[in-house]
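Asks: Protein chains in written order, with our numbering: chain A, 1 to 208; chain B, 1 to 67; chain C, 1 to 251; chain D, 1 to 228. Backbone N, C-alpha and C fix where the C-beta goes; we use that ideal spot for every residue, glycine too. None of the values given here were measured: they were computed from a predicted structure.
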Amino acid sequence: MLLEANGVVSVRGERTLFNGLNLAVEPGQLWQVQGPNGAGKSSFLRILAGLLPAQAGQVHFRGQSIADVSSQYHSELLFIGHKAGIKPELTAIENLEFYAAIQGHPLTAPPYELLEQLGLVGLEDIPAQRLSAGQQRRIALARLWLNSASLWILDEPFTSLDVSGIDLLHQRFQQHLASGGAVILTSHQALNDLPVQVHTLALEYQFE
Amino acid sequence: MQFDSFSSFIAMGGYGMYVWSSMLVTFIGLGALAIEAKWVRRTLKREAQAQQARAQRIQRAKRASTQ
Amino acid sequence: MWRWLHPYAKPEATYRLNQKLLPWFAVPGILLLVIGMVWALLFAPADYQQGESYRIIFVHVPAAFWSMGFYMGMAIAALSAVVWQIRTAEWAILAIAPIGAVLTFISLFTGAVWGKPMWGTWWEWDARLTAQLILFFLYLGVLALYAAFEDERTGAKAAGILTLIGTVNIPIIHYSVYWWNTLHQQSTISKAITRLEKPSMAPEMLWPLVVCIFAFMLVASALVLLRLNNEILKREVRRPWAQAELLEEKH
Amino acid sequence: MTPAVSIRTHMKALIQRDLRVAMRQRSDLLNPIIFLLVVVTLFPLGVGPEMNMLARIAPGVIWVSALLSALLGLERLFRDDFRDGALEQMLLMPLAVEWAVLAKIAVHWLLTAVPLLVLAPLLALLLNLPGEAWGALWLSLLLGTPVLSSIGAVGVALTVSLNKGGALLSLLLLPLLIPLLIFATAAVETAANGLSPAGPLALMGAITVLAVVLSPYAVHAALRVSVN
């Protein structure tokens, strides 16, 4: 068992987002967290990543509480949240250089080919603030090719990607799952054309 | 010629420190402006080269996609 | 005149004109500067009161003179930028401001260094020095405002407006500072400064000073042209003519 | 399997990135220091140019102005990182977050204190600070600025998710910085009177060590609250 959540409770303000959520992720699995806006999809992902404390319940990574093994957990985790962590003053290459270095795969050469595949050709050395939101998102997603984390937690990775971008991402997911990794993501789109089995966890909007 | 020897020229009647530091700062200031202008021009040249490389990359990508 | 000037409001034409003008400022400027400095340091007689230390005047006065002069130049550029929307004038503001700031700094520094042996203190809150310091801040303000804008076009516009406000303000600042200084007039040093800086100069001192003032004007103008061309290229770097211009040269 | 990455690599990468970002917005670095210079200039214009009086108020004026200018640029420490999500990524780094915080504090110190230390003699000169006190002023700034950066980091970490900005931060931090102000000005004044400033400076050193060692933990806790 790679990641396991037991009875996770989250209360934001006066509202209970979810109560007693369970999830068990095995290597090679892709999980989609579904639900309407405000159901707490992002909060759930942030709890799984260890950014947000849960009001109750535990999250275990390889059988140990993530709070106890946070260092090991974070070295095997890749989290790309709603805010992607791309510094707007730096170029795509400089941003990726940083993340590659801290993930233990320092870049030897600028990853032009990868950026080209992601539709960022000609934009590699322009400060990210001059690029569109979608293009900045692609820079963040390029990190998926530049690390060897086993667990990916991605918040709406397909937003503002075009068809070929989505295709490329699907391929990468497939590779990752085949090599024993796992993916947890949220998405508004149905993942029908993904050539792997998609496990789903549905959240419902709680009015209380 | 107001000074009879080089050392008296450097000494400036005991005010050497003041006179020469003034001259130094003045010419460093003006020189820095000139050097900065040259330096900016060089970064602009690099920018133009980067632009060229970028255009080539885009063209290559276009060619690859039409094939 | 407007019709004659108009083609030069086009960036490329201005760039070519500047390139042509540059040697006419730079060469005589450097030549005069060398002549002036040699004359000032080697041949001009020593002052009977201040000895050799007065030779600082040959850099101090030109710098102080043109720090004000270039602010006026900047103000004219700002006026043309704000009133007639000439883009090259906007860039001229940005080309002049750092040079004016450096000249102001030189005048402040040399003033302080001159003050030390003469009045025994590096700095005195004398009206003239204080006004010069405030001028320095005005220059820095223009530069900081421009740098704060992400969009260079709006930044240049804002800097132009600030320059004009500063121009209106300079006389007011000047008089208020002088008034403030007479209000607190207790030190004899301040009076001494005013007295010392208005000497009736002997011609053998005056001439090298005039040469230096001219030399500073020419050299600083050459620097303005250099910077203005950089500013033009910075904005036109995507245009074919600028690309060709930049990629051609080798160094 | 992800290769192990040392703390040094992490801190180096962080420091390098932050310096790069700072170099892209140089004006943000210069403005507080120009502000400091202008504020110091205002005092003679306000109280009159009498050199003896200026010499007497110089230590306090310089230190109060330095505190105010330090508060100006302080928000930058975490605000931008919070907005673009880099802060989350920092909390997810596989090293104790305290190290990352320490790297951020070090960069902030480098970018704010070093210009201040360079400018300090000029400020002393403008306010006619007696020559004997220049060394003490410089040392007090050298010892005091790490405290500003590290206690400032705690304040910014606490307020970064609020859109309240500077006033709240000043309200929060200035009371905490009062001891620093007291010891620093005391050091400069004793030196100006020809006595040894070692006592107050030693106390400042102790405060500095305490602040630098403890603040990363406080910042970490505060960031956990803010990044929600």
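(1) Name, in chain order, the residues that DSSP records as bridge partners for W31 of chain A.
(2) Give the secondary structure of F78 of chain D by DSSP, where H, G and I count as helix, E and B as strand, and everything else as coil.
(3) When burial is assigned at 16 or more other CB atoms within 10 Å of the CB, is E249 of chain C buried or exposed?
(4) Give me the DSSP bridge partner(s) of L151 of chain A.
(5) Check whether the stretch 207 to 215 of chain C touches the stretch 20 to 37 of chain C, counting contact only when three or more Cβ pairs, one atom from each stretch, lie closer than 8 Å.
(6) So is D84 of chain D buried or exposed if we call it buried at 16+ other beta carbons inside 10 Å?
(7) Using a Cβ cut-off of 9 Å, which residues of the stretch 75 to 87 of chain D contact any Cβ in chain A, in chain order?
(8) Chain A partners of A48 of chain B, CB-CB under 7 Å?
(9) Between F70 of chain C and chain D, is the shortest Cβ-Cβ distance under 8 Å, so that the two count as touching?
(10) Quick check on E4 of chain A: does DSSP put it in helix, strand or coil?
(11) Can you tell me where the beta strand (DSSP E) holding A81 of chain C begins and where it ends?
(12) Are the CB atoms of G29 of chain B and V224 of chain C nearer to each other than 8 Å?
(13) 8 Å is my cut-off, CB to CB: does E97 of chain A come that close to chain B?
(14) Taking only runs that begin and end inside the stretch 5 to 63 of chain B, name each unbroken alpha helix (DSSP H) of 4 or more residues, in chain order.
(15) Just to confirm my understanding: we take A77 of chain C, look at its own chain, exclude 5 residues before and 5 after, and list those with CB closer than 7 Å. What are they?
(16) Verify the CB distance criterion: does F173 of chain A have a CB-CB separation below 8 Å to chain D?
(17) For a test of the three-state rule: what should DSSP assign to A226 of chain A, helix, strand or coil?
(18) Do L123 of chain D and V225 of chain D count as a contact pair if the criterion is CB distance below 8 Å?
(19) List, in chain order, every chain C residue whose beta-carbon is nearer than 7 Å to that of S27 of chain D.
(20) Measuring straight from C-alpha to C-alpha, what distance separates R137 of chain A and A26 of chain C?
(21) Sorted by chain position, which residues of the same chain lie with C-beta nearer than 6 Å to A229 of chain A's C-beta, five sequence neighbours on each side aside?
(22) Please list the partners that F109 of chain C has in chain D, where partner means a Cβ-to-Cβ separation under 9 Å.
(23) Mind reading off the beta-carbon distance from I153 of chain A to F98 of chain A? Whole number of angstroms is fine, and I expect it under 8 Å.
(24) Looking at the unbroken alpha helix (DSSP H) that takes in Q206 of chain A, where does it start and where does it end?
(25) Throw me the rounded Cβ distance for the A149 of chain A and L114 of chain A pair, which I believe falls under 8 Å.
(26) How about L20 of chain D and E124 of chain A: do their beta carbons lie closer than 8 Å?
(27) Short check: CB of Q135 of chain A to CB of F158 of chain A, under 8 Å?
(28) Alpha carbon to alpha carbon, how far is M68 of chain C from L146 of chain A?
(29) Name the chain D residues that come within less than 9 Å of H74 of chain A, Cβ to Cβ?
(30) Tell me, please, which residues DSSP counts as bridged to G85 of chain D.
(31) Is it the case that the Cβ atoms of L169 of chain A and L177 of chain A are separated by a distance below 8 Å?
(32) Just the Cα atoms here: how many angstroms apart are V97 of chain D and A103 of chain D?
(33) So, helix, strand or coil for R195 of chain C, using DSSP?
(34) Please state whether DSSP places S236 of chain A in a helix, a strand or coil.
(35) What are the residues of the stretch 178 to 201 of chain A that lie near chain D, defined by any Cβ-Cβ distance shorter than 9 Å?
(36) Can the beta-carbon of A140 of chain A be found closer than 8 Å to that of G35 of chain A?
Replies: Taking the structure as given:
(1) Answer by DSSP bridge pairing, in chain order: A:I184, A:H199.
(2) Correct three-state label for F78 of chain D: coil.
(3) Its Cβ having fewer than 16 others within 10 Å, E249 of chain C is exposed.
(4) DSSP output for L151 of chain A lists A:L77, A:A182 as bridge partner(s).
(5) Output reads yes: the stretch 20 to 37 of chain C touches the stretch 207 to 215 of chain C.
(6) The residue in question, D84 of chain D, is buried, as its Cβ has 16 or more Cβ neighbours within 10 Å.
(7) Correct list: D80, D81, F82, R83, D84, G85, A86, L87.
(8) For a Cβ distance threshold of 7 Å, nothing in chain A lies close to A48 of chain B: the least Cβ distance comes to about 13 Å.
(9) So no, F70 of chain C is outside the interface.
(10) Looking at E4 of chain A - three-state DSSP - the assignment turns out to be strand.
(11) Note, A81 of chain C: premise wrong, no beta strand (DSSP E); alpha helix (DSSP H) at 57 to 84.
(12) It is not a contact, given that the beta carbons lie outside the stated cut-off.
(13) Not closer than 8 Å to any Cβ of chain B, the Cβ of E97 of chain A fails to qualify, so no.
(14) If we require 4 residues or more, the alpha helix (DSSP H) runs fully inside the stretch 5 to 63 of chain B come out as 6 to 11.
(15) Here the set comprises A89, A92, I93, I96.
(16) For F173 of chain A, the answer is no, since every Cβ of chain D falls outside 8 Å of its Cβ.
(17) Here chain A has residues from 1 to 208 only, and residue 226 of chain A is not among them.
(18) The answer is no: Cβ separation not under 8 Å.
(19) Under the 7 Å cutoff, chain C gives A144, A147, A148.
(20) Taking C-alpha positions only, R137 of chain A is separated from A26 of chain C by approximately 50 Å.
(21) Only positions 1 to 208 of chain A appear in this structure, which leaves residue 229 of chain A out of reach.
(22) Within chain D, no C-beta atom comes nearer than 9 Å to that of F109 of chain C; the closest sits roughly 10 Å away.
(23) The C-beta separation of I153 of chain A from F98 of chain A comes to about 20 Å, leaving the pair out of contact by the 8 Å criterion.
(24) Careful: Q206 of chain A lies outside any alpha helix (DSSP H) and carries neither H nor E.
(25) At roughly 17 Å, the Cβ-Cβ gap does not stay under 8 Å, so A149 of chain A and L114 of chain A are not in contact.
(26) Residue 20 of chain D is actually Arg in this sequence, not Leu. For R20 of chain D and E124 of chain A, no; Cβs fall outside 8 Å.
(27) Judged by their CB atoms, Q135 of chain A and F158 of chain A are not nearer to each other than the 8 Å cut-off.
(28) When rounded, the distance between both Cα atoms is 56 Å.
(29) L91, L92, M93, P94, L95, listed in chain order.
(30) Bridge partners of G85 of chain D: none, in fact.
(31) Contact annotation: L169 of chain A and L177 of chain A have beta-carbon atoms that are not nearer than 8 Å.
(32) Approximately 10 Å between the Cα atoms of the pair.
(33) With a pLDDT of 49 at R195 of chain C, under the threshold of 50, the modelled position of this residue cannot be trusted; read the value that follows with caution. Assigned with DSSP and collapsed to three states, R195 of chain C falls in helix.
(34) Only positions 1 to 208 of chain A appear in this structure, which leaves residue 236 of chain A out of reach.
(35) From the stretch 178 to 201 of chain A, no residue has a Cβ closer than 9 Å to chain D.
(36) Against a cut-off of 8 Å, the Cβ pair of G35 of chain A and A140 of chain A comes out as no contact.
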